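In what follows, a structure is listed as structure tokens, so that the remarks can point back to it.
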Amino acid sequence: MSRRRKKIALRWLSTLVAFVAVGIMLFPIYAIIVASFESTVTLFSTQFHFFPYHPTLANYQTVLLGSQSGTVTSVTISGNQLAHVLTSFEIALATAVLTLVISVPAAYALAKYRMRFTVFFVGALLLAQIVPSIVLATSLFAILLKAGLVNTLPGVVLADCTYAVPFGILVLRAFLFSLPNEVMHSARVDGASEWQTFRLIVIPLARSAIITVAVFAFLAGWGDFIFALTTLNGASFEPITLGIYGFLGNYLANWGAVMAAGVVALVPAGVLLVIAQRYIATGLTAGAVKG
Amino acid sequence: MATLAFEKVTKVFPNGVEAVREFDLFVDDGEFVVLVGPSGCGKTTALRMVAGLEELTSGTIKLGGQVVNDISARDRDVAMVFQNYALYPHLTVLDNIAFSLRVRGIPKQERHLKAREAAEVLGLGEVVLRKPPQLSGGQRQRVAMGRALVREPAVFLMDEPLSNLDANLRVQMRSEVLRVQRRLGVAALYVTHDQTEAMTMGDRVAVLRDGTLQQLATPQELYESPTNLFVASFIGSPPMNLYEAEISGPANELVLSLGPQRLALSADVGQRRPGLVASTAREIVVGIRPELLTVTVGGSADHGPTLEAQVELVELLGNESLVHFSTDARMVRNRAGVWTADATTHGEIAGAVATEGVARVDPRVPVAVGDRVSLAVDVSRLSFFDAETGDAIAGPSAATPATQPPPRGRAEEQGS
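Chains as they are written, first to last, in the working numbering: chain H, -6 to 284; chain R, 162 to 577.
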């Protein structure tokens, strides 16, 4: 009886710990949402309010309509953020597509073909993950400048892919390892070419992993700031991350607008995650072979 | 439809393991040949080389007389059933069966028609729209065979296709596999480690050990005249009783000494095996199948040569009894030596119960543990082996050479 009680207590305790952990992780987001409804004056008070103290939509007006209202004169060069959201979406989508086009075949080759340099190559991919973006950004700028890709959309997308592609390859490779070789052998014996095997068998079976990588690549493009800042140097377009940055001046900052723009930037990413979550970490291989 | 031939095929893996060595085998059109041997004997590697999933180190493999060494798996026109089925989990039964037609560009309607036909033959008509995860083990097995059935391949390869099924289903599927093969009417190569499966299914059976072909013969021949101790101990359940023995006496009055016991051999035994006479005063191994021993009651009548033994265990199986006994003859066991054999292949009986022999007897003969009995020996059907080399001593003429077409046996009965 006491053991049973202990078990129940343990379960409650672990649930509690999980709640606290999630609370800590989500609290900044909550704070951003609350702050986005505050006037900048309230934000500068030392008191933190769990609910908007003087609820106002002025920040959203600034962000969505570009109107200059509010108690502090906006120092921003960027008004309407919707165009920036659209740019972010383009960058993110292109990053996701390019990442898949490169990483799915690469991961398959690295997982299923015995090649001399596989170990070396995978090590290099891991290394690429270790190098901080800010270190890469300078050299990448030099490369993009030579290639004439500075201040272009493909330039930012390529820069974002330096992070998303290695990540995608590593994740997909790990997943493809778990695909039984017999299924591919079977396809080959059935008369399928390498390409048919890849297209008709491997891709459908790796669907959940592919979607996972696509989502993460999308989010990498969506949330990127460093590469956008360095490669877009006075371009006619900029993503939402740079848009938010625009509310921060040298002497003045419209923090309320920053928060509202943050919320606006959060929404599409959040929606995407909710839609994709049922694919993320869903195995599809069950039943291929006797388990 | 085609013949399949291995000619001096050798496979050495990059890590230096020699999986198959100088392997010769001929499978005729319509013939069902089983490759059997303990795990790691190279049988699966041999099969995969036919499929094109494994490259040859040397030698040639011919399909329909044409060397296929350098032809890729997809162009060899072979069908293969994998041990774990290897179904495509994201496709329905119908699409699984029709996959090979799909990659050949056959229109959907036509290939589905053919796949449905194959599914009906295999009793899968009800589940054609299900996906593999929703099928039972037996159904998955049938789908795997359906993929071969829909294609009319040149050869049909199977790699332990029944090993994942439970015992009842396995027996049932044996005949199903044979039915599919007869229907295809093509050369079939079937790999198994189960000697019962090999004996019941094969037109001919090839016994492999350490990558080397030991014997290729019909099941009956394999059972009655094994070429060496390995085959003798591997084929048959319960396994053959093997004893150290010595031959003495003139050619027409040979006497076999099993420890202190003597068995007089009839004159024809020596006549049929001239090598036996040459082996007098040398150590040999005598093999006695369990059914060659009969428990004699009372000892009144003349039963011919007998072996004195003590009953250690009686297994009643209904239609027969397995009497485990001990004698003062020295049993030759499967331990590391000149003829090392996989201990597990017959360790079940010899290992678990420390007796020295098994007799397969009529269950109505009353025997009890502890009884001292006389076992009459049918000396005309004994097997003899050289103790040093493990080879059979001048047995009946050697089995058909591997590269020759086999005697047409069951393969001819298939008719259509």
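C-beta: ideal position from N, C-alpha, C; glycine also. As the structure is a prediction and not an experimental result, all values here were calculated from the model.
- Within a 10 Å sphere around the beta-carbon of R/Leu424 sit 16 or more other beta-carbons, which makes this residue buried.
- When Cβ-Cβ separations below 9 Å define contact, R/Asp236 makes contact with chain H.
- Here R/Glu444 is exposed. Its C-beta has fewer than 16 other C-beta atoms within 10 Å.
- Contact between the segment 181 to 189 of chain H and the segment 238 to 247 of chain H is not established, with fewer than three Cβ pairs separated by less than 8 Å.
- Look at R/Val475 here: in three-state DSSP terms it is strand.
- Within the same chain, and ignoring the five residues on either side of R/Val522 in sequence, the residues whose Cβ sits closer than 6 Å to its Cβ are Val456, Ser482 and Val484.
- Around the C-beta of R/Glu414, fewer than 16 other C-beta atoms lie within 10 Å, and the residue is accordingly described as exposed.
- By the neighbour-count criterion, in which a residue is buried when 16 or more other Cβ atoms sit within 10 angstroms of its Cβ, H/Trp5 is exposed.
- Between R/Pro314 and R/Ala240, the gap from beta carbon to beta carbon is short of 9 Å.
- Judged by DSSP in its simplified three-state form, R/Phe260 adopts helix.
- In this structure, DSSP gives H/Tyr272 a state outside helix and strand, which the three-state scheme calls coil.
- Those residues of the segment 324 to 349 of chain R placed with their C-beta closer than 8 Å to a C-beta in chain H are Asn325, ordered along the chain.
- When rounded, the separation of the alpha-carbon atoms in H/Ser32 and H/Ala24 is 14 Å.
- Annotation: Cβ neighbours of R/Met241 in chain H (cutoff 9 Å, chain order): His178, Ser179, Val182 and Asp183.
- H/Ser186 belongs to the set of residues whose beta carbon lies under 9 Å from a beta carbon in chain R.
- Here the segment 531 to 543 of chain R lies against the segment 446 to 454 of chain R, with 3 or more beta-carbon pairs under 8 Å apart.
- R/Phe243 has its alpha-carbon roughly 11 Å from the corresponding atom of R/Arg301.
- Distance check between H/Ile203 and each of H/His178, H/Val176 and H/Val94 places H/Val94 closest, using alpha-carbon atoms only.
- The beta carbons of R/Val519 and R/Asn402 sit closer together than 9 Å.
- If you draw a straight line from the Cα of R/Gly286 to the Cα of R/Arg340, it comes to about 17 Å.
- Less than 9 Å separates the beta-carbon of R/Phe193 from that of R/Met362.
- DSSP lists R/Val195 and R/Met319 as the beta-bridge partner residues of R/Tyr351.
- Less than 9 Å divides the Cβ of H/Val257 from the Cβ of H/Val78.
- Judged by beta-carbon spacing, H/Val27 lies within the 9 Å limit of H/Phe43, meaning their Cβ atoms are closer than that value.
- Shown here, H/Ser96 sits in a helix according to DSSP, grouped into three states.
- Taking 4 residues as the shortest admissible run, the segment 188 to 216 of chain H contains the following complete alpha helix (DSSP H) segments, listed from N- to C-terminal end: 200 to 216.
- In the three-state DSSP reduction, H/Val149 falls in the helix class (H, G or I).
- Contact annotation for H/Leu198 against chain R: Tyr249, Pro250 and His251 [CB-CB distance below 9 Å, chain order].
- Counting only Cβ-Cβ distances below 7 Å, H/Ile194 has contacts in chain R at Tyr249, in chain order.
- Between the alpha carbons of H/Ala157 and R/Tyr246 lies a distance of about 36 Å.
- Secondary structure of H/His77 (DSSP, three-state): helix.
- With 16 or more other Cβ atoms inside 10 Å of its own Cβ, H/Ala89 counts as buried.
- The continuous stretches of beta strand (DSSP E) do not include R/Ala412, and DSSP gives it neither H nor E.
- H/Val182: member of the alpha helix (DSSP H) spanning Asn174 to Val182, first to last residue.
- Excluding the 5 residues flanking it on each side, H/Val208 has same chain C-beta neighbours closer than 6 Å at Ala269, in chain order.
- Contact annotation for H/Pro159 against chain R: no contact, minimum CB-CB distance about 28 Å [criterion: below 9 Å].
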